Amino acid sequence: MTALADAAQLTPAAHDNVLTTAELRAHGMSEGTIARRCRPGGPWRRLLPGIVLLGAGEPTRRQLVRALARYVGGECMVTGGDALDAHGVALPRSPAVHILVPKGRRMLSPTFAMVERTARPPEPVVVDGIPFAPAARAALDAARREPDPGRLRDLLSLPIYYGLTTAAELRAELDAGSQRGSAAVRSELRAIDRDRDTYVHGWARAVLRDGPLPPPRWDVTVYDRRGRYIGTVDAWWDEVGMGWQFHPPGKPHLGHLALAAAGVTVVRTDPERLTTDRRGVLTELAKAFRTAADRRRPAVQCLARVAA
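Numbering (our numbering), first residue to last: 190 to 497.
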């Protein structure tokens, strides 16, 4: 079998084109062949001891994360911005990949990694074969080291907004962990406590996460086919023309009557029910979705929310 054929057979087995030398040997490659291919100018490159990239170009961030996870091995997990990205929250990441290892583990830190030893390793969340810290721990591990106030707020508020964690979970994690860098984090959490909309969106996303409805678009403005403004909704199912509003009853929310007049199915929910009656809210949404799906879709279109 030719070297090119060998390489072609390896690609399907290599997540992100990253394999260990043990895996390469298991595919029939000798140490000498591996070493030759990883030489300068060769088709592969060695990212870490025992970890090979099946390519000669610069590794992507994803490839570095996977290589580090494979290199460090058991009871370790990626945290910080890379973990939040794996959970679905894309934020600026630190230059180094942040990884947690057990307190007693001794190892040299690779040049592209920040190795943190911890006596409190959380239960990892495995995404595509890579162990990541849960959202609350990942956010705080990044937040403790973030000097920029705007990025600090994003690190703490966006995981709440997307329903990945709660402010209470963040405070509990902060209290249980190292107090280094905690003063600014505590101050920002107090500010987030005063921003009710952050919580409400997180509650709404959590209601839908395990339900039967397809994912909606969030925070959109609805127009008629001629581009005239009709109203805004907090969540929107475009395939059936259904909107969801979960603002407090006393808070103005323009467009409810105009949306209904345009044929849009609108479900309105008191935010308190998002935590006290989640099953009931989900039942109402599912029923409304079925009703909307059984009729002609209204002649409307939507865009990301803009000021009316």
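Idealized CB from N, CA, C, for every residue including glycine.
Note that the structure is a prediction, hence the values are computed from the model and not measured.
- A contact between stretches requires three or more CB pairs, one per stretch, nearer than 8 Å, and the region 357-376 fails this requirement with the region 273-286.
- Boundaries of the beta strand (DSSP E) around Trp425: Tyr418 to Trp426.
- Runs of the alpha helix (DSSP H) spanning 4 or more residues and lying entirely within the region 254-307 occur at 269-276, in chain order.
- Judged by DSSP in its simplified three-state form, Phe478 adopts helix.
- In the three-state reduction of the DSSP assignment, Leu236 falls in the strand class.
- In the three-state DSSP reduction, Val314 falls in the strand class (E or B).
- Unbroken beta strand (DSSP E) runs of no fewer than 3 residues, entirely contained in the region 306-393, are found at 314-316 and 319-321, following chain order.
- Setting aside the 5 residues that flank it on each side, Asp274 is surrounded in the same chain by Leu280 and Arg282, each with a C-beta closer than 8 Å to its C-beta; the list follows chain order.
- In this chain, the beta strand (DSSP E) harbouring Gly432 covers Met431 to Gln434.
- Comparing alpha carbon positions, the residue from Leu448, Cys265 and Trp233 closest to Ile419 is Leu448.
- A direct Cα-to-Cα measurement between Ala373 and Arg333 gives close to 8 Å.
- Here the C-alpha atom of Arg485 lies approximately 36 Å from the C-alpha atom of Ile349.
- The residue from Val241, Tyr388, Gln368 and Ser367 with its alpha-carbon nearest to that of Leu345 is Tyr388.
- Bounds of any alpha helix (DSSP H) do not take in Thr458, whose DSSP letter is neither H nor E.
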